[in-house]
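Okay, so here's the structure we're looking at.
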Amino acid sequence: MSREVTSDLAMLERLVPPAGKDVVDVGCGPGALVRALSDRGARVTGVEISEAQMAGAVEQDEGRGARYLVGRAESLPLDDASADIVVFMRSLHHVPVADLEAALAEARRVIRHGGAVYVAEPLAEGDFFELTRVVDDETEVRAAAQAALTEASRAGLNRATTVDYDVPLSVAGMPALRARILAADPERASRFDERSAELAAAFERLGEPGQRAGERRFLQPMRADVLRACGRVD
Numbered sequence: 000m001s002r003e004v005t006s007d008l009a010m011l012e013r014l015v016p017p018a019g020k021d022v023v024d025v026g027c028g029p030g031a032l033v034r035a036l037s038d039r040g041a042r043v044t045g046v047e048i049s050e051a052q053m054a055g056a057v058e059q060d061e062g063r064g065a066r067y068l069v070g071r072a073e074s075l076p077l078d079d080a081s082a083d084i085v086v087f088m089r090s091l092h093h094v095p096v097a098d099l100e101a102a103l104a105e106a107r108r109v110i111r112h113g114g115a116v117y118v119a120e121p122l123a124e125g126d127f128f129e130l131t132r133v134v135d136d137e138t139e140v141r142a143a144a145q146a147a148l149t150e151a152s153r154a155g156l157n158r159a160t161t162v163d164y165d166v167p168l169s170v171a172g173m174p175a176l177r178a179r180i181l182a183a184d185p186e187r188a189s190r191f192d193e194r195s196a197e198l199a200a201a202f203e204r205l206g207e208p209g210q211r212a213g214e215r216r217f218l219q220p221m222r223a224d225v226l227r228a229c230g231r232v233d
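Residue 0 is where the sequence shown starts when you use numbering that gives the first Met the number 0, and the numbers rise one by one after that.
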């Protein structure tokens with residue numbers, strides 16, 4: 000069965016409308032989602048473990064007034080019941096497997112009564128996954144993230160809504176692919192460069208031709224979950 004093709008932001012806006020809400024973006028990286036949600040009327044706090052990424056996010060804020068904090072998903076630097084929505088946008092699988100339950104429990108602690116934890120995770124399938132696994136095979140960590148969501152009740156959360164969808168990706172060429180892969184983890188640089196010939200062949204083979212020379216188009220299968228509180232954790 001075909002899945003809806005849409006953007007991560009459009010799916011988030013549909014499932015947990017952010018306008019007028021206090022939103023936390025866990026693992027915000029350079030702040031692209033923080034800026035997008037701020038532009039849509041949310042009051043946003045970005046939490047990021049990397050001080051270098053955080054510095055880039057602050058520099059690009061451009062007067063939006065978003066708040067940025069250095070911190071970890073499993074120990075959020077936020078007060079109890081201080082947010083309406085806590086977002087993990089493609090970031091939950093980057094949390095160490097042993098800390099996944101703690102990260103979800105922290106999100107549960109931070110949301111207010113009636114609030115939501117929103118998790119959008121890439122699935123370990125599809126042509127773009129086959130391409131990127133040449134550099135970093137995330138099969139196990141993505142599966143672990145899904146398992147943690149299945150067992151979210153252990154963290155005091157109920158998996159209330161689940162939607163699978165596809166995100167269209169256009170990659171202008173190998174330099175753009177390198178930038179995209181390294182954005183999530185700069186330590187991938189050496190592996191990318193060592194396997195550049197294999198990656199270039201896979202890029203041509205797996206992607207559909209784009210409108211511009213050298214461009215390839217892919218679909219990234221995604222799963223969005225809305226989790227609600229189901230009682231306090233003892």
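Cβ atoms here follow ideal geometry from the backbone N, Cα and C, with glycine treated the same way.
Given the structure is predicted, the values throughout are model-derived calculations rather than measurements.
How is Q145 classed by DSSP in three states: helix, strand or coil?
-> Residue 145 sits at position 146 when you count from the first residue of the sequence shown. Helix, per DSSP.
3-residue-minimum beta strand (DSSP E) runs that sit fully inside the region 18-44, ordered along the chain = 21-25
CB-CB length for F202 against R194, believed under 8 Å = Translated into the one-based positions of the sequence shown, residue 202 becomes position 203. Translated into the one-based positions of the sequence shown, residue 194 becomes position 195. The pair is not a contact, with the Cβ atoms about 11 Å apart (cut-off 8 Å).
Quick one: grab the DSSP three-state call for V94.
-> The count along the sequence shown starts at 1 and reaches residue 94 at position 95. Residue state, collapsed to three classes: coil.
Could you give the uninterrupted runs of the beta strand (DSSP E) lying entirely in the region 133-198, keeping only those of 3 residues or more?
-> 156-170
Quick one: Cα of T160 to Cα of R108, how far?
-> The residue labelled residue 160 in the question sits at position 161 within the sequence shown. The residue labelled residue 108 in the question sits at position 109 within the sequence shown. The straight-line gap separating the alpha-carbon atoms of T160 and R108 is approximately 20 Å.
Compute the distance between the beta-carbons of F87 and V118, then report whether it is under 7 Å.
-> Mapped onto the sequence shown, residue 87 falls at position 88. Mapped onto the sequence shown, residue 118 falls at position 119. Result yes, Cβ atoms of F87 and V118 sit closer than 7 Å.
Compare the C-alpha of L122 against each of H92, A175 and R66 and name the closest.
-> Along the sequence shown, read from residue 1 onward, the residue named residue 122 stands at position 123. Selected option, being the one with the closest Cα: H92.
May I ask which residues mark the beginning and end of the alpha helix (DSSP H) holding E58?
-> To locate residue 58, count along the sequence shown from 1; it is residue 59. Taken as a continuous stretch (DSSP letters only), the alpha helix (DSSP H) holding E58 covers E50 to E58.
Nonlocal neighbours in the same chain, by C-beta distance under 8 Å from R190, ignoring five residues either side | Counting from 1 along the sequence shown, the entry for residue 190 is found at position 191. The beta carbon of R190 is closer than 8 Å to those of V134 and D135 in its chain, skipping five residues each way along the sequence.
R66, enclosing beta strand (DSSP E) - first and last residue | The residue you call residue 66 lines up with position 67 of the sequence shown. Where R66 is concerned, the enclosing beta strand (DSSP E) stretches over R66 to V69.
Length of the line joining the Cα atoms of A154 and A144 | Indexing the sequence shown from 1 puts residue 154 at position 155. Indexing the sequence shown from 1 puts residue 144 at position 145. For A154 and A144, the distance between alpha carbons rounds to 13 Å.
To the nearest angstrom, report how far apart T149 and V33 are at their CA atoms.
-> Sequence index remark: in the sequence shown, residue 149 carries index 150 (1-based). Sequence index remark: in the sequence shown, residue 33 carries index 34 (1-based). Whole-angstrom Cα-Cα distance: 27 Å.
Taking V140 as the reference, give the member of E120, D78, R179 and S152 with the closest Cα.
-> Within the sequence shown, residue 140 is the residue found at index 141, counting from 1. Closest by alpha carbon: E120.
Have a look at A9 and P16 and give me their C-alpha separation to the nearest angstrom.
-> If you number the sequence shown from 1, residue 9 lands on position 10. If you number the sequence shown from 1, residue 16 lands on position 17. Approximately 10 Å between the Cα atoms of the pair.
Leaving out five residues on either side along the sequence, give the residues of the same chain with a beta carbon under 7 Å from the beta carbon of E137.
-> For the purposes of this step, residue 137 is taken as the residue at position 138 of the sequence shown. Within the same chain, E137 has close Cβ partners H92 and A123.
Euclidean distance between Cα positions of L103 and R211 = Residue numbering aside, residue 103 sits at position 104 when the sequence shown is read from its first letter. Residue numbering aside, residue 211 sits at position 212 when the sequence shown is read from its first letter. Those two C-alpha atoms are separated by around 42 Å.
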